[in-house]
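Numbering (the working numbering), first residue to last: 16 to 205.
All remarks here apply to the structure that follows.
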């Protein structure tokens, strides 16, 4: 084999390697999924529901199926896909950063128990603030990796008459991390 043929083969191999490297680098860039304003609000509503299981109400459960531990009834969780504390934490991580999820799971560690491959919950409902009315939403794009959602809540002077006295505003920030949009701060607005 001549030196010229060897050099051509080396050149072709270098070109192929360079091409493959460039393809790999271009594929490695994380594509940020853009959210519409409606998708941001929908994500907030789902996050609010999940957060509410720890702060406002109880995760869906079967009132007929329970276990007793030290005289306390824990009811079987029937939320689809959530059959363990780990599955519950994974679900929360779809909406919240790990710090928020860890805080929720730590605060409520005695409310959830696992037994025989099922998750059980100790119901603890407080209800909503009857002096708070409708919510409205405004979405602001802070950067390509951060979105601010401002939630404005009506405050009633008299809940029966529903006459609005003032408004409260809450700012929530979504960040794009781990290939998804998640809230990096959250609280109940009711």
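Cβ atoms here follow ideal geometry from the backbone N, Cα and C, with glycine treated the same way.
Quick one: grab the DSSP three-state call for residue i.
i: residue 48; result: coil
i: residue 165; result: strand
i: residue 102; result: helix
i: residue 18; result: helix
i: residue 54; result: helix
i: residue 67; result: helix
Just curious, the beta strand (DSSP E) that residue i is in, first and last residue?
i: residue 186; result: 178 to 192
i: residue 90; result: 87 to 92
i: residue 79; result: 76 to 84
i: residue 203; result: Where residue 203 is concerned, there is no enclosing beta strand (DSSP E), given that its DSSP letter is neither H nor E.
Would residue i pass as a contact of residue j if the rule is Cβ separation under 8 Å?
i: residue 164; j: residue 134; result: no
i: residue 154; j: residue 57; result: no
i: residue 147; j: residue 197; result: no
Give me the Cα-Cα distance between residue i and residue j, rounded to the nearest whole angstrom.
i: residue 75; j: residue 111; result: 20 Å
i: residue 122; j: residue 48; result: 32 Å
i: residue 143; j: residue 100; result: 26 Å
i: residue 67; j: residue 169; result: 19 Å
i: residue 91; j: residue 158; result: 42 Å
i: residue 193; j: residue 46; result: 11 Å
Using C-beta distances below 7 Å, list every residue in its chain close to residue i, excluding the 5 sequence neighbours before and after it, in chain order.
i: residue 65; result: 106, 107 and 110
Give the range of the alpha helix (DSSP H) segment to which residue i is assigned.
i: residue 118; result: 113 to 122
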